[in-house]
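One structure below.
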Amino acid sequence: MDYQRRALTAADLSLDPSTGAVAVATHGRRRLGAPTRWGTGGAARLTMTLAGLTNNAARMGQSADFGAVFCEWVEFWLTTRFALAPTADKALELWWAASPDGVGWPGGVSGADGAFTAANKSQLLLVGVLTTLASATSQSQLVGSIRLPSRWGAPVLLNASGQTLSATAADHLLQAYPVQ
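Take 172 as the starting number for the sequence shown in my numbering and just add one per residue.
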């Protein structure tokens, strides 16, 4: 089952009372459990250092093992904040590196938190894009969903926003929810 595109209405938006972030509702998919979380703050389980990520830089996160019997579909939510307000409609691109065995990785991904060469993104799967608002406040968005090709994978985030991300680690969290 794939998402069908339609115009968003006010009913599709929700406000996170703890962060003040606006989120888009999920339609047509049911969450099957707790998310896998990347970041360096308290809620994160896997490491992905996004604090201070400069414009045109990319970062790969620690690899996740979704288990021998893994969920077919995963949706990705990204919450972040910028040091200065970016121009509206710029992008944070989220890519996925799949590994057949948790050892061999495409595009120079290592399976560990670290810098990534953005030119190698063509070997990865594009999950989607967080489209920026012209605001330095917290921004949270359903970036996209993918059908997992294997049980192992690692996220890669490319900052094409024109601004540096906030230097505060707790401002950044990537969540992957198993859905059907």
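Quick reminder that beta carbons are idealized off the backbone N, C-alpha and C, glycines included.
- Shown here, Asn330 sits in a strand according to DSSP, grouped into three states.
- A check of alpha carbon separations from Ala340 across Leu328, Ala229, Gly212 identifies Gly212 as the nearest.
- For Pro349, the enclosing beta strand (DSSP E) covers residues 344-350.
- Around the beta carbon of Asp342, a 10 Å sphere encloses 16 or more other beta carbons of the protein chains shown; the residue is thus reported as buried.
- Gln310 and Leu263 have their C-alpha atoms roughly 11 Å apart.
- Under the three-state reduction of DSSP output, Ser311 falls in the strand class.
- The beta carbons of Phe253 and Gln312 sit no closer together than 8 Å.
- Apart from sequence neighbours up to five positions away, the residues of its chain that approach Ala283 with a beta-carbon distance below 7 Å are Gln233, ordered along the chain.
- Around the beta carbon of Ala229, a 10 Å sphere encloses 16 or more other beta carbons of the protein chains shown; the residue is thus reported as buried.
- Here Leu217 is near Arg208, since their CB atoms are less than 8 Å apart.
- If you look at Val300, you'll find it in the beta strand (DSSP E) that goes 296-302.
- In the displayed model, Ser281 falls within coil according to three-state DSSP, outside both helix and strand.
- The alpha-carbon separation between Ala205 and Thr258 amounts to approximately 33 Å.
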